[in-house]
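> Please see the structure below; I have some questions.
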Amino acid sequence: MTQINIVVKWNGKKFDVEIDTEESGQVLKSIMFSLTGVEPDRQKILIRGKTLKDDDPLSSYNIAPKQVLMMMGSLGESLKAPEQPIKFIEDMSYEELNKSLKQPPGLINLGNTCYMSATIQCLLSIKELTSALNNNQAPKQSSDLKVKLTHSLRDLFESMNKKEGDVMPHVFLSSLRAVYPQFSEKDPRHNMYKQQDADECWNGILSAVDQGVKTENNEPSFVSSHLRGEIVTTYSCIEAPDEPKTEHKEIFGKIDCRIDKTVNYLQQGIKLSLSPKITKHSPTLNRDAEYMASSSISRLPVYLTVHYLRFFWKAKEAVDAKILKNVKFPFELDMSEFCTKELAEKVRPVRQHLLKLKEEKEERFKRQKIAKISQVDDPTADSSSAGVSGANPGKSEKSGESSLVSASLDSIIDESLKQDVGCNPSGLYDLVAVLTHIGRNANSGHYIAWVRKMDIPEDASAENSREDKPKESYWYKFDDDKVSIVNESEIYKLMGGGDWHTAYITLYKAKPLE
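Residues 1 to 514, numbered by UniProt numbering, are exactly what the sequence shown covers, in order.
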């Protein structure tokens with residue numbers, strides 16, 4: 001048996017083929033049929049001007065390694081291109097996606113309950129929270145109202161994950177109102193339930209889950225480990241500079257973004273909220289005095305909640321007024337600049353590693369794109385010269401990287417961060433959900449959730465995905481029971497600046513370490 005590699009040209013394309021010279025011409029035609037779809041009896045293969053015959057052994061044609069053969073022939077009638085061209089998932093409009101893809105369930109509004117529906121949809125995007133609720137060790141028949149709330153939240157999540165169509169959250173709503181009676185408040189003029197603040201609902205649910213989910217061996221709860229961080233604040237007295245500075249540590253469940261005329265970006269708002277001026281008692285002056293508080297983050301959780309302080313109290317009208325100012329939030333957030341020096345140093349190696357991987361990935365895509373353009377301009381060009389191999393450019397290169405990346409990352413993660421379950425060892429985050437408000441104050445208007453659907457839809461087949469195009473994030477818009485897929489460009493419109501849906505809470509997730 002003598003095997004050699006040859007090149008067969010057909011229809012402006014080149015095919016690298018391995019043949020056994022002891023086989024017949026019919027075998028080579030069968031190989032070309034599998035590569036091109038041209039049936040063997042429609043093929044004509046030329047070797048140095050001679051036509052390949054089916055029964056002749058290939059050795060009789062003295063084919064040399066890397067020799068170029070020419071093939072002629074067209075696709076059979078049964079293999080004609082479809083009248084309607086195949087459309088890739090990435091090329092569909094969002095109207096087409098909404099028609100073709102199965103939508104997750106919405107939540108039926110039970111009377112000004114959009115604040116709760118939007119909160120639930122955002123929290124459902126935290127997949128590990130569902131597992132924590134399912135593993136709750138608290139007794140099912142507990143009289144503890146917060147335990148009951150966690151059980152009803154578990155059941156609601158289960159319904160939303162299984163059911164096709166809208167879900168009625170009446171059991172959970174009853175549990176929520178039992179724990180927090182303020183959500184039962186009614187407008188006496190219309191005898192209807194009042195609109196509520198989604199931030200209060202968010203905080204209330206997570207606080208109840210933190211206390212209501214019982215773990216084995218009294219381990220830290222999921223909320224404490226994955227949604228809570230630690231912040232260190234140093235207080236210095238402005239009116240008594242010689243007074244010794246004091247330091248205070250506390251747990252935080254969210255980071256505030258203060259908004260004033262100087263704030264145009266989320267990072268500026270975070271910085272402003274970490275350096276406020278406060279009034280408190282001064283032991284040196286023996287009276288209340290003004291202090292400068294300077295805070296830094298000493299622990300970052302896997303999930304980071306950001307609250308935009310858009311509402312303030314108008315005493316004259318006795319209402320919460322809304323700041324409509326545009327505040328740009330990033331889809332990728334780097335929190336290292338807000339960390340203590342110790343934490344910034346610990347996350348630095350992983351942070352730099354992930355940023356380098358991202359840069360290499362973008363460069364690899366650029367090379368693939370250039371190679372594709374080159375092939376379009378010159379179909380006979382050898383794709384290997386452009387650094388791309390055959391049918392699936394970059395796939396083998398990518399598959400060979402994952403184990404190396406995991407091994408190299410494990411060696412550079414700080415040991416204390418390895419032991420800290422639920423922390424973010426890189427300081428880098430991806431945006432996964434946005435809760436918005438439209439209206440002029442927190443207790444009126446309307447709340448909506450926008451949740452990222454990671455990359456290609458799970459039910460998309462291999463034929464409907466493309467390797468040569470960067471994966472785009474799809475977003476679900478949850479407007480109570482109305483659910484739709486929206487373009488990522490719609491998320492940019494949620495940054496404020498007018499009477500439109502405006503980001504009130506954003507949820508970030510730590511970048512994956514792979």
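By construction, the Cβ of each residue, glycine as well, lies at the ideal position given by its N, Cα and C atoms.
Exposed or buried, which one is residue 534 when buried takes at least 16 other CB atoms within 10 Å?
Residue coverage of the chain in this structure runs from 1 to 514, which leaves residue 534 outside it and unanswerable.
> How would you call GLY49, buried or exposed, if buried means at least 16 neighbouring beta carbons within 10 angstroms?
That one is exposed.
> For the alpha helix (DSSP H) containing residue 515, name the first residue and the last one.
Since the displayed the chain opens at 1 and closes at 514, residue 515 lies outside it and no answer follows.
> Leaving out five residues before and five after ASP256 in sequence, what residues of the same chain have Cβ atoms less than 6 Å from its Cβ?
Around ASP256: SER273, HIS307, LEU309.
> If we ignore side chains and look at the alpha-carbon of each, how far apart do LYS453 and ASP320 end up?
Spanning the two alpha carbons is a distance of roughly 33 Å.
> Pick helix, strand or coil for PHE338, following the three-state DSSP scheme.
PHE338: helix per DSSP, three-state reduction.
> Among the candidates LEU124, SER34, PRO512, whose CA atom is the shortest distance from the CA of VAL302?
Nearest of LEU124, SER34, PRO512 to VAL302, Cα basis: PRO512.
> Identify, in the order they occur along the chain, each residue of the same chain with its Cβ nearer than 8 Å to the Cβ of VAL483, setting aside the five sequence neighbours on each side.
Once the five neighbours on either side are set aside, the close Cβ partners of VAL483 are GLN103, PRO104, PRO105, GLY106, TYR476, LYS477.
> So the alpha helix (DSSP H) MET160 belongs to, where does it begin and stop?
Run containing MET160: 145 to 162, per the alpha helix (DSSP H) assignment.
> Should TYR492 go down as buried or exposed, given a rule of 16 or more other Cβ atoms within 10 Å for buried?
The residue is exposed, with fewer than 16 neighbouring Cβ atoms inside 10 Å.
> Does the stretch 262 to 279 come into contact with the stretch 189 to 201, if we say contact requires no fewer than three beta-carbon pairs (one atom in each stretch) closer than 8 Å?
Taking 8 Å as the limit for Cβ pairs, the verdict is that the stretch 189 to 201 does not touch the stretch 262 to 279.
> Take the Cβ of ARG258 as the centre, count every other Cβ of all protein chains shown within 10 Å, and call the residue buried at 16 or more, exposed below.
Answer is buried; the Cβ neighbour count reaches 16.
> Where does LEU176 sit, in a helix, a strand or coil, going by DSSP?
DSSP places LEU176 in helix when its eight states are reduced to three.
> Would you tell me roughly how many angstroms separate the C-alpha atoms of GLY253 and LEU304, rounded to the nearest one?
If you take the alpha carbons of GLY253 and LEU304, they lie about 8 Å apart.
> So SER143 and ILE231 are in contact, right, with Cβ under 8 Å, and what is the actual spacing, rounded?
Not quite, the Cβ-Cβ distance comes to about 35 Å (not below 8 Å), so this is no contact.
> Are LYS66 and VAL7 closer than 9 Å when you measure CB to CB?
A contact, by the Cβ cut-off of 9 Å.
> Would the beta-carbon of ALA240 fall within 9 Å of that of SER282?
Yes, the pair counts as a contact, with Cβ atoms nearer than the cut-off.
> Residues in the same chain with beta-carbon distance under 6 Å from ALA462, minus the five sequence neighbours each way, listed in chain order, please.
Here ALA462 scores only 38 on pLDDT, less than 50, and its place in the model is too uncertain to base an answer on.
> For VAL313, list the residues DSSP reports as bridge partners.
For clarity, residue 313 is Trp in the given sequence; the question names Val instead. Note: TRP313 sits in a beta bridge opposite ASP320.
> So LEU149 packs on PRO169, CB below 8 Å; how close in whole Å?
So it is not a contact: roughly 12 Å between Cβ atoms.
> Assign ALA289 to one of three DSSP states: helix, strand, or coil.
Reduced to three states, the DSSP call for ALA289 is strand.
> HIS190 by DSSP, collapsed to three states: which one?
Correct three-state label for HIS190: coil.
> So ARG154 packs on LEU176, CB below 8 Å; how close in whole Å?
That pair is no contact at about 14 Å.
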